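What follows is one structure encoded as structure tokens, with my remarks underneath.
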Amino acid sequence: EYSFRRGEYSDTKINKRIPYGYNAFLSDRLPLNREIPDTRPPRCAEKKYPEVLPTVSVVLIYLDEALSVIKRAIRSIIDKTPQRLLQEIILVDDHSSNEDLMEKLDEYVNSIHEERTDLVKRVRHSQQLGLTQARLSGWKMAVGDVVAILDAHIEVHVQWAEPLLARIKEDRTVILTPVFDKVSFDDLTLNPYIPAADAFDWALWCMYESFRPEWYARKDDSQPGKSPSIMGILVADRKFFGEIGSLDGGMKIYGGENVELSIRVWLCGGSIEVIPCSKIAHIERASKPYLPDLSVMMKRNALRVAEVWLDEYKHNVNVAWNLPIENHGIDIGDVSERKKLRERLKCKPFQWYLDNVYPMLDPLDNLLGYGALINDLNLDLCVDQGPVPGNTPIIYSCHFYQPQHCFYRTDGQLYIGGIKSHKYNNNRCLVDLATGVYPGLYDCKTAQQKKFNVFYSQGGPIQNRETKRCLEIGIGEDGYYKLFVQKCSGQKWKIQNLIKNN
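Taking the UniProt record's numbering, the leading residue of the sequence shown gets 1, the next gets one more, and so forth.
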């Protein structure tokens, strides 16, 4: 029996405590064809689909999954996909070390072939290549009209395939994603998720986002919704997927490949939709198998996406990861072929994507500088957001992690402790409240209305133009350095990274 509190353990400790990142012991004791509740919007059960639909090749990718989880995924696909529509199931093993996934999985596949000959095909990488290459291997082997590329730790819901195939029959240029239901890693119970768009922040981490207002205005939660991105599970016309450039084979291990595909599809003639009537139960693992710290590869892949697709906004990825715009020291690989693909497909500029697909993503177009904020009086001290919860910034020994990430916009907003990627989010700004001797942290929009903002140029003072007071450091009564707002004495500040265009 496993118990786990979120945030208690690192991924390395979780892997030792919970093999596979979920409760495999329990999975081994659950029926392969277990019943899961129908969590679709009520209108979905009333929908009728054409008898003649495209066939689908289902690709399951995995690295060191529990055998019972893969078997359950296969069983659910066979049981809940009409035989006339299911072309094949392709298992892509990204070089697992789990011996159960050798002979024992072969035995299970052979037992399936007694029901239906050659339904399941297998690909095994001779070395670990990562998610992108695993997905590409499955797509290249597929022969169905449509390819559905899924994780192997899933169970499909009833009538999962028909709404996807019907939509692609209507429009072969649309890339689709089902709605996930969360399967808890510890007790494997199912928790339904409501339909939502898939999106991302400037670090290119995935997140859920509300649909556009017109989707809600229809008052029908069974209807497809336009989406800025996909989470990674995707369904596409197999040939169109190739025409649009499939996946970027230069992406490494994990992360960012879904955002790259999504931006490319939108800019180059396709679209992305979430299909609420197609639901897939997905285990949200406590840890992932590739790397203890996935941010290393995610950072590299995000910079690669930025270089090819984000045009004048590519520096926002550097901002999100607190990397210098030039000489960041990260090798993103050769992107010349991807840039040629963009030219060949006659893709739109990224500005079109911001204007028409994802207007809630803040372009950060008036950002002047970012990173640690350091006073010339003591170069070992940085402005820090201070204790959380709390609203008092402090001066603290420089460690350069998120609490010390500062962002200065040309309208006088000095964000402390991070910057949100979306226009609807609140940020906290350092302010001169005009009373007392200490600065505060205030909602940035409110601070601007109240003229609490501070103004700054690199190598100069930080000053509130209304009070004429400056942000400075000094020795407090306890003998330690403090942040003050006081009469300006000529102290100067520098922020780590400048954005030259601004």
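For glycine and all other residues, C-beta sits at the position ideal for the given N, C-alpha and C. Note that the coordinates shown come from a computational prediction; the quantities given were computed from them, not determined experimentally.
Inset, instruction - Within 10 angstroms of the Cβ of Gly476, are there 16 or more other Cβ atoms? Answer buried if so, exposed if not. - result: Exposed: under 16 other Cβ atoms inside 10 Å.
Inset, instruction - Look at the alpha carbon of Tyr9 and the alpha carbon of Tyr20, and state the distance between them as a whole number of angstroms. - result: Any answer about Tyr9 is weak, because its pLDDT of 34 lies below 50 and its placement is not dependable; what the coordinates show is given next. Distance between Tyr9 and Tyr20, taken at the CA atoms: about 15 Å.
Inset, instruction - Less than 8 Å between the CB atoms is what I'm expecting for Pro324 and Asn318, so what's the real figure, rounded? - result: Distance from Pro324 to Asn318 at the Cβ level is roughly 7 Å; contact confirmed, criterion being Cβ atoms closer than 8 Å.
Inset, instruction - Determine the extent of the beta strand (DSSP E) in which residue 512 is found, giving its start and end residues. - result: Coverage of the chain is limited to positions 1 through 502, which leaves residue 512 absent and any answer about it impossible.
Inset, instruction - Enumerate in chain order the residues of its own chain whose CB-to-CB distance from Ile419 is below 7 Å, with the five nearest sequence positions on each side excluded. - result: Beyond the five residues adjoining it in sequence on each side, Ile419 comes within less than 7 Å, by CB distance, of Phe407, Asn427 in the same chain, given in chain order.
Legend entry - Per-residue burial, Ile194 [other beta carbons within 10 Å of its own, 16 or more giving buried]: It is exposed - the Cβ of Ile194 has fewer than 16 other Cβ atoms within 10 Å.
Legend entry - Nearest-angstrom Cα separation, counted from Lys140 out to Lys279: Straight-line Cα distance between these residues: approximately 25 Å.
Inset, instruction - Note down the Cα distance separating Glu260 from Asp331, rounded to an integer number of angstroms. - result: Cα-Cα distance, rounded: 17 Å.
Inset, instruction - Kindly indicate which three-state DSSP category Asn375 falls into: helix, strand or coil? - result: Strand, per DSSP.
Inset, instruction - Examine the Cβ distances between the segment 388-406 and the segment 434-453 and report whether three or more of them are shorter than 8 Å. - result: Below 8 Å, enough C-beta pairs join the segment 388-406 and the segment 434-453 to call them touching: three or more.
Legend entry - Separation of Gly460 from Lys445, as counted between CA atoms: So the alpha carbons of these two residues sit roughly 24 Å apart.
Inset, instruction - Look up Val235 in the DSSP assignment and give the residues it is bridged to. - result: Val235 pairs with Ala148, Leu176.
Inset, instruction - Count the other CB atoms, across all protein chains shown, that sit within 10 Å of the CB of Val52; report buried if there are 16 or more and exposed otherwise. - result: Exposed, since its Cβ has fewer than 16 Cβ neighbours within 10 Å.
Inset, instruction - Give the secondary structure of Gln83 by DSSP, where H, G and I count as helix, E and B as strand, and everything else as coil. - result: Of the three classes helix, strand and coil, the one that applies to Gln83 here is coil, per DSSP.
Inset, instruction - Use the C-beta contact count for Ile14: other C-beta atoms within 10 angstroms, 16 or more gives buried, fewer gives exposed. - result: Note on Ile14: pLDDT 41, under 50, position unreliable in the model; the coordinate value appears next. Around the C-beta of Ile14, 16 or more other C-beta atoms lie within 10 Å, and the residue is accordingly described as buried.
Legend entry - Boundaries (first-last residue) of the beta strand (DSSP E) holding Arg124: Per DSSP, Arg124 is one residue of the beta strand (DSSP E) stretching across 120-124.
Inset, instruction - Going by DSSP, name the residue or residues bridged to His315. - result: As DSSP reads the structure, His315 sits in no beta bridge.
Legend entry - Reduced DSSP secondary structure (H/G/I, E/B, other) of Gln486: Reduced to three states, the DSSP call for Gln486 is strand.
Legend entry - Top-ranked residue by Cα proximity to Arg75, from Arg34, Arg84, Thr55, Ser126: That would be Arg34, whose Cα lies nearest to the Cα of Arg75.
Legend entry - 7 Å Cβ shell around Gly386 - same chain, five flanking residues per side excluded: The beta carbon of Gly386 lies closer than 7 Å to those of Thr392, Pro393, Ile394 in the same chain, with the five residues before and after it left out.
Legend entry - CA nearest to the CA of Tyr415, picked from Arg342, Trp215, Ala320: The shortest Cα separation from Tyr415 among Arg342, Trp215, Ala320 belongs to Ala320.
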